DNA sequence: CGCAATGTACTATAACTATTAGTACAGTTA
DNA sequence: TAACTGTACTAATAGTTATAGTACATTGCG
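Residue numbers (the numbering used here), protein chains in the order written: chain A, 1 to 129; chain B, 1 to 129.
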């Protein structure tokens with residue numbers, strides 16, 4: 001399903017959370033789609049099932065997936081994720097990152113071009129399938 | 001100088017690094033300006049000097065400050081920070097955060113408005129003093 | 001029903017990290 | 001010299017991460 005980088009120092013379960021978030025946000029994984037069972041993914045990545053469980057618990061807490069005993073874990077609908085604190089946090093992150101690049105000397109025109117690309121990629125993405 | 005949040009789970013030294021980066025990027029701290037000594041800031045924040053030292057070491061490694069034995073630590077010039085890997089990393093972060101907000105249902109127009117504000121705040125900021 | 005697959009919860013252990021504490025040394029300024 | 005600065009260690013404690021193992025409840029299927 002994806003690769004892990006064990007050298008980065010970043011906890012494995014966080015890497016798994018991030019990878020799933022990317023797959024969900026990019027529209028590759030769609031609402032109500034089933035994701036691998038805790039034991040399957042652990043076998044696939046040759047890591048401990050508890051680590052996957054921790055990642056899935058975090059994803060469920062953040063609203064990205066939901067789990068049903070005996071059935072499995074599934075992608076949530078986008079409106080389950082919405083959270084005002086999170087919106088503010090993400091906006092601040094965007095602000096900080098853009099300002100950091102500008103401070104480092106990136107030209108504002110280059111920055112604006114990059115952002116335009118993000119929006120146009122979004123509009124042409126897998127969300128509207 | 002600033003406040004710490006000891007409950008957040010985020011390491012103290014990382015919070016200090018982030019705060020300084022904010023102050024530097026926003027133009028509040030200017031190149032060659034002196035920042036508090038390791039011992040002073042530790043006293044001020046009532047934490048251990050080693051924690052400050054770790055933060056300063058990280059800031060120096062990232063190119064935000066430079067330290068001189070016997071003299072103190074000072075803000076670097078912006079061109080000391082530039083690093084291609086870092087630029088790519090920040091661009092990816094911006095991409096991920098924007099896509100996450102769009103996926104959550106934020107209207108693209110609202111998002112574009114928010115980003116416009118970032119740019120205009122930058123142009124009117126303390127960098128051109 | 002019986003069985004296998006699923007998620008979930010818990011304990012225990014080892015390795016690593018973060019923080020504090022203390023000491024020591026080297027360079028700079030007055 | 002004295003007082004300040006950064007820097008480099010060691011040690012101890014607390015918390016986090018990852019692995020290992022066990023157990024239980026729910027679901028779907030033959």
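Note that beta-carbon positions come from the ideal geometry of N, C-alpha and C, so glycine has one too.
Everything numeric in this text was worked out from a predicted model, so none of it was measured.
A straight-line Cα-Cα distance of about 31 Å links residue 117 (chain A) and residue 58 (chain A). In this structure, DSSP gives residue 35 (chain B) an extended state, which the three-state scheme calls strand. Under the three-state reduction of DSSP output, residue 47 (chain A) falls in the coil class, being neither helix nor strand. Residue 15 (chain B) is positioned such that its CB atom lies no closer than 8 Å to that of residue 29 (chain B). Between residue 35 (chain B) and residue 65 (chain B) a beta carbon distance of about 7 Å is seen, short of the 8 Å cut, so the two are scored as contacting.
Between residue 76 (chain A) and the set A:38, A:85, A:33 and A:109, the nearest pair of CA atoms involves A:33. Counting the other CB atoms within 10 Å of its CB gives residue 17 (chain B) a total of 16 or more, which places it among the buried residues. In the pairwise beta carbon analysis, the segment 71 to 90 of chain B is classified as not touching the segment 103 to 110 of chain B: fewer than three pairs are separated by under 8 Å.
Distance from the Cα of residue 80 (chain A) is smallest, within the candidate group A:27, A:31, A:10 and A:19, for A:31. Put simply, the backbone Cα of residue 41 (chain B) is about 13 Å away from that of residue 12 (chain B). Here residue 123 (chain B) is exposed, its C-beta having fewer than 16 other C-beta atoms within 10 Å.
Our two residues, residue 111 (chain A) and residue 10 (chain B), have alpha carbons roughly 29 Å apart in a direct line. Taking the C-beta atoms as reference points, residue 94 (chain A) is found no nearer than 8 Å to residue 25 (chain B).
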